[in-house]
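Engineer: Just passing along the structure, written as structure tokens.
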Amino acid sequence: MFVSTNLLLAAMITAGVFAQSFDSILSGNSNLSSFYTLLQKYSFTLPTLPDGATVLAPNNDAFDNLSVAKYVNALKIGYVDTIYNLFVYHVIQGTHLTTQMPLGVPTFLQSMLTSGGYTNVLGGQNVEYVEESGNVAVFVSALGARSAIVQSDLAFTSSSGGGVVQVIDKILIPPFNLTYTLQAFNLTSFEGATYAAQSIDDFFYTPNVTMFVPANSAFQALGPAISLMNSTKLATVLDYHLIDGAVLYSTYLTDGAKLTTKQGLNVTITHSNNNVYINSAKLITSDILIMNGVLHVIDNVLNFQSSGAQPNTALATQSAVFTGASTVADVPFTSAIPCVVSCPATAATNTASSSASTSGPNLKPSTGSIKNGLSAGAKSGIAVGVILFTVLLVLGALFFLRCKRKVNKATDQKSALEFPTPSNTHELITASNIQELGEKEKSPIASTEVGLGPRRSESEEPVPVWYPLANEGQQPGAQPFEVNAGSRIAALSSAPEYVSSHELNAAEKTRATNTAPSPTLGLHGPTELPGSFKQKKISSESSSVAQDIGQGSGQSSVPAATVQVNKDEEEANLTILRERIERIREDKERLEKTQELRELEEETKAQILVAQRKNMGL
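Under mature numbering (1 follows the signal peptide of the UniProt record, and there is no 0), residues -19 to -1, 1 to 599 are what the sequence shown spells out, in order.
Dropping the structure here:
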């Protein structure tokens, strides 16, 4: 099978065959222009091999007909690593001429593909060569794909040792992983059983394995005899289908051979009437290449407790070797298969084959959920829950800090407002200090300050109050009026900007009565007061008692046009002012809280979006 390159080239020269360089063969064959351009673009060169190399060169039609999305996209976008591994899978170790290959017997040739992301087979992933009826020689790769030789035995010489080119009509596809291959061949019951038994890792990751995989119908024939097994016993049954440490293609399954399984007991190979049996199970499909070895499909589930079972060669399908077997319509264990993409409510097994596209994703099993006995969906749910809990915890902490800052701010404001009232000063009543005026009233003032007797209680009926009104009809630049700090609002200024009479016209009475909330701010009153004031209501008695309230207290006299405001009016005025100030504060706090809630809502949405994106990456 393996021929020395020097002897081969010498034989070809003796036979009159001229050996060209590898570059000359590719550049001189117009049907290989796509392959040649690819090698030049990425500067791929042949490795130096002691026995030469056999290059399986896809023709232009092969590139045009490539349908595996993974490699179509790689060639289109330029994924060098993927393209390189695809290329070396077309380079076979040793020089293999079709004239020297065995007839009618499959031969497995080792390629130069050794990357761990593409193969877990010692020495390099294999390619199957077989000559079919009609003398058609083909190479078999992933999922049984066949690439026929259309031009054979083009010898070349090179510094790498020389070899031969075989032109093929389809690109070879490196074998896929176990789970993808099982779904492609509708062997989903066995796949689900490996998850249910928590032994998927043994089958998926173990290198150099041989598997005997029962068809779905074999599991259906057992029904509850296998579906009701606990995970430990089920794992033992599955281990009896696995041979680790040896990739045994069909050529190794010779009559009478005994093979030791991972479970520990042997299986026996029997040949009869051109059929091959493993114990009593008939071999249906052989030599399906996978990343970490090879699998063979059988028509019965092997039972380690019946390791001596012999086939009944008269039967087309072998009987079950488990007690209590009962045929069921549903395919067992398929519900244990984790959903990866486009997950339906229930995984319908009869559509598994059609759902396996030619994109060939290299999906690995979710080993963390397997070892914990959880499905991938459960794992995803837990992960999302943890992420959302973390987000809520962070938001709660932020909200707590906001509230704390708010309380501190309110405390600072209160401390700033609660200052002692000076006993012998004058104040200017303006828009900026009207709030301070209301706050000062909270401190009790000795009646001796103003000589007006004891204070009225808060429950007594209030009297009219002073309200700020527009400066309509008044002189521009109105000045604030001066009052005694102890009596707060004691008199009206005699300046023409203010009303000195107790009589108000109808328009002023109407306007003074209006105390509706500000339509712009939605508050109970304006937050800024105009510089001029008008009297809402003055009792008729107050107009006749205007006098100097500053006498006896060391104060300068008040202008003659001012009127004495009695203590009841003062009390009522300040009470209503305090109420207005309190309502303004409440409205302000309500607006601040609304803004905080909006900000918190935006932060929460952003955190949830981040959590959702992270969960899509589990």
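The beta-carbon is built from N, C-alpha and C at its ideal position, and this holds for glycine as well.
Please name the residue, chosen from Glu582, Ala34 and Asn54, that lies closest to Leu90 on a Cα-to-Cα basis.
Structural biologist: One-based indexing of the sequence shown puts residue 90 at position 109. Taking only the C-alpha atoms, the option nearest Leu90 is Ala34.
Engineer: Please determine if the region 35 to 45 and the region 4 to 19 are in contact, where contact requires at least 3 C-beta pairs separated by less than 8 Å.
Structural biologist: Because the criterion of three Cβ pairs below 8 Å is met, the region 35 to 45 and the region 4 to 19 touch.
Engineer: Quick one: any contact between the region 193 to 208 and the region 305 to 319, if contact means 3 or more CB pairs under 8 Å?
Structural biologist: Segments in contact, yes.
Engineer: Taking only runs that begin and end inside the region 100 to 140, name each unbroken beta strand (DSSP E) of 3 or more residues, in chain order.
Structural biologist: You should have 107 to 113, 117 to 121 and 127 to 138.
Engineer: Closest to Thr138 by C-alpha separation, out of Asp4, Pro319 and Glu584, would be which residue?
Structural biologist: What you label residue 138 is simply residue 157 of the sequence shown in a count that begins at 1. Nearest option by C-alpha distance: Asp4.
Engineer: Using the beta-carbon count (16 or more within 10 Å), is Arg571 buried or exposed?
Structural biologist: Sequence index remark: in the sequence shown, residue 571 carries index 590 (1-based). Exposed is the call here.
Engineer: Taking its Cβ as the centre, do 16 or more other Cβ atoms sit within 10 Å of Ile58, making it buried, or is it exposed?
Structural biologist: In the sequence shown, the residue the question calls residue 58 occupies position 77. By the 10 Å Cβ count, Ile58 comes out exposed.
Engineer: Could you tell me if Ala129 is buried or exposed, where buried requires 16 or more neighbouring beta carbons within 10 angstroms of its beta carbon?
Structural biologist: Here residue 129 is taken as the residue at index 148 of the sequence shown, counted from 1. It counts as exposed.
Engineer: Using the rule of at least 16 other Cβ atoms within 10 Å of the residue's Cβ for burial, across every protein chain shown, is Ala(-1) buried or exposed?
Structural biologist: Working through the sequence shown from its first residue, we reach residue -1 at position 19. So Ala(-1) counts as buried.
Engineer: Quick test of your reading: Ile224 and Lys243, contact by CB under 8 Å. State the CB separation rounded to the nearest angstrom.
Structural biologist: On the sequence shown, residue 224 is found 243 positions in, with the first residue counted as 1. On the sequence shown, residue 243 is found 262 positions in, with the first residue counted as 1. Ile224 to Lys243, Cβ: 7 Å. Contact.
Engineer: Throw me the rounded Cβ distance for the Ile279 and Val194 pair, which I believe falls under 8 Å.
Structural biologist: Here residue 279 corresponds to residue number 298 of the sequence shown, with the count starting at 1. Here residue 194 corresponds to residue number 213 of the sequence shown, with the count starting at 1. With 8 Å as the limit, Ile279 and Val194 qualify as a contact, their Cβ atoms being about 7 Å apart.
Engineer: With a threshold of 8 Å, are at least 3 pairs of Cβ atoms found where one atom belongs to the region 214 to 223 and the other to the region 179 to 194?
Structural biologist: The region 214 to 223 is in contact with the region 179 to 194.
Engineer: Considering just the uninterrupted stretch of the alpha helix (DSSP H) at Lys22, what are its terminal residues?
Structural biologist: Working through the sequence shown from its first residue, we reach residue 22 at position 41. Note, Lys22: alpha helix (DSSP H), Ser14 to Tyr23.
Engineer: Could you say which of Ser140, Leu56, Thr63 and Arg561 lies nearest to residue 613 if we only look at CA atoms?
Structural biologist: Residue 613 falls outside the range modelled here, since the chain spans only -19 to 599, and no answer is possible.
Engineer: Shortest alpha-carbon distance to Leu47 belongs to which of Arg127, Phe303 and Leu296?
Structural biologist: Counted from its first residue, the sequence shown places residue 47 at position 66. Minimum Cα distance to Leu47 is reached at Arg127.
Engineer: For Leu234, I'd like the list of residues in its chain whose CB is within less than 7 Å of its CB, leaving aside the five on either flank, ordered along the chain.
Structural biologist: Here residue 234 is taken as the residue at index 253 of the sequence shown, counted from 1. These residues qualify, in order along the chain: Ile250 and Val257.
Engineer: Could you tell me the alpha carbon to alpha carbon distance between Leu56 and Glu109, rounded to whole angstroms?
Structural biologist: One-based indexing of the sequence shown puts residue 56 at position 75. One-based indexing of the sequence shown puts residue 109 at position 128. So the two alpha carbons sit approximately 25 Å from each other.
Engineer: According to DSSP, is Thr242 part of a helix, a strand, or is it coil?
Structural biologist: The residue you call residue 242 lines up with position 261 of the sequence shown. The answer is coil: DSSP assigns Thr242 none of H, G, I, E or B.
Engineer: So, helix, strand or coil for Leu90, using DSSP?
Structural biologist: One-based indexing of the sequence shown puts residue 90 at position 109. Residue state, collapsed to three classes: strand.
Engineer: If we count the other Cβ atoms within 10 Å of its Cβ and call it buried at 16 or more, is Ser122 buried or exposed?
Structural biologist: Translated into the one-based positions of the sequence shown, residue 122 becomes position 141. It counts as buried.
Engineer: By Cβ distance below 6 Å, which residues in the same chain neighbour Phe44 in space, the five residues on each side in sequence not counted?
Structural biologist: Taking the sequence shown and counting its residues from 1, one reaches residue 44 at position 63. Ser15, listed in sequence order.
Engineer: Specify the secondary structure class of Val36 as computed by DSSP and reduced to three states.
Structural biologist: The sequence position of residue 36 within the sequence shown is 55, counting from 1. DSSP places Val36 in strand when its eight states are reduced to three.
Engineer: Using alpha carbons as the reference points, say which of Ile271, Leu163, Gly377 and Val117 lies closest to Asp150.
Structural biologist: Residue 150 sits at position 169 when you count from the first residue of the sequence shown. Of the candidates Ile271, Leu163, Gly377 and Val117, the one whose C-alpha sits nearest the C-alpha of Asp150 is Val117.
Engineer: Exposed or buried, Leu382, counting other C-beta atoms within 10 Å across all chains shown (16 or more means buried)?
Structural biologist: Along the sequence shown, read from residue 1 onward, the residue named residue 382 stands at position 401. That one is exposed.
Engineer: In whole angstroms, what separates the C-alpha of Gln147 from that of Gly305?
Structural biologist: Here residue 147 refers to the residue found at position 166 when the sequence shown is read from its first residue. Here residue 305 refers to the residue found at position 324 when the sequence shown is read from its first residue. If you take the alpha carbons of Gln147 and Gly305, they lie about 54 Å apart.
Engineer: Going along the chain, which residues of its own chain have a beta-carbon closer than 6 Å to the beta-carbon of Val69, five neighbours each way excluded?
Structural biologist: As a working note, residue 69 is residue 88 in the sequence shown. The answer, listed in chain order, is Met93 and Leu94.
Engineer: To the nearest angstrom, how far is the alpha carbon of Gly144 from that of Thr63?
Structural biologist: Numbered from its first residue, the sequence shown carries residue 144 at position 163. Numbered from its first residue, the sequence shown carries residue 63 at position 82. Going by the C-alpha atoms only, they are around 24 Å apart.
Engineer: Quick one: residues in its chain with C-beta nearer than 8 Å to the C-beta of Val375, no 5 flanking neighbours on either side, listed in chain order?
Structural biologist: Indexing the sequence shown from 1 puts residue 375 at position 394. Closer than 8 Å at the Cβ level, and outside the excluded window around Val375, lie Gln588.
Engineer: In the DSSP assignment, find the beta strand (DSSP E) that holds Phe193 and state where it starts and stops.
Structural biologist: The sequence position of residue 193 within the sequence shown is 212, counting from 1. Val190 to Pro195 is the span of the beta strand (DSSP E), which, as asked, contains Phe193.
Engineer: Of the choices Asn54, Ser96, Ile73 and Thr266, whose alpha-carbon is the least far from that of Phe120?
Structural biologist: Against the sequence shown, residue 120 aligns to sequence position 139. Checked all of Asn54, Ser96, Ile73 and Thr266; the closest Cα to Phe120 is Ile73.
Engineer: Using 10 angstroms around the beta-carbon of Gln286, count the other beta-carbons present and answer buried if the total reaches 16, otherwise exposed.
Structural biologist: Your numbering for residue 286 matches position 305 in the sequence shown. It is exposed - the Cβ of Gln286 has fewer than 16 other Cβ atoms within 10 Å.
Engineer: Express the C-alpha separation of Asn10 and Phe171 in angstroms, rounding to a whole number.
Structural biologist: Within the sequence shown, the letter at position 190 stands for residue 171. Within the sequence shown, the letter at position 29 stands for residue 10. Near 47 Å, if we compare the C-alpha coordinates of Asn10 and Phe171.
Engineer: Relative to the C-alpha of Val212, which residue among Leu369, Asn101 and Thr175 is closest?
Structural biologist: Against the sequence shown, residue 212 aligns to sequence position 231. Reading the sequence as shown, one finds Ser at residue 212 and not Val. Checking every option, the nearest Cα to that of Ser212 belongs to Thr175.
Engineer: Can you say whether residue 602 is buried or exposed, counting buried as having 16 or more other CB atoms within 10 angstroms of its CB?
Structural biologist: As displayed, the chain neither begins before -19 nor continues past 599, which places residue 602 out of reach and without an answer.
Engineer: What residues in its chain sit with their C-beta under 6 Å from that of Met272, if we drop five residues either side in the sequence?
Structural biologist: Here residue 272 corresponds to residue number 291 of the sequence shown, with the count starting at 1. Cβ neighbours of Met272 beyond the five flanking positions: Thr100, Asn101, Pro156 and Asn158.
Engineer: Answer with buried or exposed for Tyr23, where buried requires no fewer than 16 other C-beta atoms within 10 angstroms of its C-beta.
Structural biologist: Within the sequence shown, numbered from 1, the residue matching residue 23 stands at position 42. So Tyr23 counts as exposed.
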